[in-house]
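Student: Sending over a structure as structure tokens; questions will come in a sec.
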Ligand SMILES: [Fe+2]
């Protein structure tokens with residue numbers, strides 16, 4: 005089933021929220037491409053997803069630094085671990101782009117994002133809104 009965005013996932017920082025939406029949309033594209041007869045699209049979507057994740061983490065971490073987020077190191081580690089896992093799965097799918105592998109990746113990305121946003125990014129949002137920098 006495709007992921008459907010709702011305001012539960014908003015952290016209150018528009019740039020970050022928009023990027024999270026784009027990430028979920030890309031994950032949905034990955035799911036759709038796993039249903040296509042040829043899996044040619046999947047590689048392109050996967051490349052985009054990986055680059056987008058790297059850029060998104062960089063921006064999110066920059067926000068944290070800018071606002072002196074006290075749990076920056078801990079949060080950065082979560083990003084790094086996800087990036088590593090995503091990189092491994094990307095290699096696996098490039099070697100064998102089966103619908104099963106793509107669906108597995110879709111589930112992994114969506115469930116990680118949901119949990120990460122609700123448990124970790126929400127705290128970042130609260131901190132930034134309470135500690136604006138001018
Ligand atoms: Fe994050």
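Numbering (this note's numbering), first residue to last: 5 to 138. Even for Gly, the Cβ is constructed at its ideal location relative to N, Cα and C. All figures in this text were calculated on a predicted structure; none of them were measured in a lab.
(1) Might you give, ordered along the chain, the residues of its own chain that have their beta carbon closer than 8 Å to the beta carbon of residue 58, omitting 5 neighbours on each side?
(2) With a cut-off of 8 Å on the beta carbons, I'd call residue 106 and residue 28 a contact; round off their distance for me.
(3) Say the cut is 7 Å; is the CB of residue 91 nearer than that to a heavy atom of ligand 1?
(4) Measuring alpha carbon to alpha carbon, tell me which residue in 126, 134, 53, 135 is nearest residue 21.
(5) So, helix, strand or coil for residue 77, using DSSP?
(6) Whose C-beta lies closer than 7 Å to the C-beta of residue 80 among residues of the same chain, with five residues either side of it excluded?
(7) What do you reckon, are the CB atoms on residue 72 and residue 135 nearer than 8 Å?
(8) Which residue's Cα is closest to the Cα of residue 124: 82, 137, 102, 52?
(9) So the candidates are 114, 109, 15; which of them puts its Cα closest to the Cα of residue 38?
(10) May I have all residues whose beta carbon comes closer than 7 Å to any heavy atom of ligand 1, sorted in chain order?
(11) According to DSSP, simplified to helix, strand and coil, what is residue 83?
(12) On a CA-only basis, which of 7, 128, 6 is nearest residue 68? Give me that one, please.
(13) With residue 5 as the anchor, note down where its alpha helix (DSSP H) starts and where it stops.
(14) By DSSP, does residue 43 sit in helix, in strand, or in coil?
Tutor: Based on what the coordinates show:
(1) Indexing the chain shown from 1 puts residue 58 at position 54. For residue 58, where only same-chain residues beyond five positions count, the Cβ hits under 8 Å are 87.
(2) Taking the first residue of the chain shown as 1, we reach residue 106 at position 102. Taking the first residue of the chain shown as 1, we reach residue 28 at position 24. Actually they are not in contact, since the Cβ atoms of residue 106 and residue 28 sit about 16 Å apart, beyond 8 Å.
(3) Position 87 of the chain shown holds residue 91. No.
(4) Here the question's residue 21 lines up with position 17 in the chain shown. If we check each option's Cα against that of residue 21, 126 comes out closest.
(5) Taking the chain shown and counting its residues from 1, one reaches residue 77 at position 73. Reduced to three states, the DSSP call for residue 77 is helix.
(6) Position 76 of the chain shown, counted from the start, is the residue given in the question as residue 80. The answer, listed in chain order, is 65.
(7) Counting from 1 along the chain shown, the entry for residue 72 is found at position 68. Counting from 1 along the chain shown, the entry for residue 135 is found at position 131. Yes. Within cutoff.
(8) Along the chain shown, read from residue 1 onward, the residue named residue 124 stands at position 120. Among 82, 137, 102, 52, the Cα nearest to that of residue 124 belongs to 82.
(9) Along the chain shown, one-based indexing puts residue 38 at 34. Checked all of 114, 109, 15; the closest Cα to residue 38 is 109.
(10) 61, 64, 79, 82, 83, 120, 124, 125, 128
(11) The sequence position of residue 83 within the chain shown is 79, counting from 1. Looking at residue 83 - three-state DSSP - the assignment turns out to be helix.
(12) Looking up residue 68 in the chain shown gives position 64. Out of 7, 128, 6, 128 has the C-alpha closest to the C-alpha of residue 68.
(13) Here residue 5 refers to the residue found at position 1 when the chain shown is read from its first residue. Neither: residue 5 is in no alpha helix (DSSP H) and is coded neither H nor E.
(14) Looking up residue 43 in the chain shown gives position 39. Residue 43: coil per DSSP, three-state reduction.
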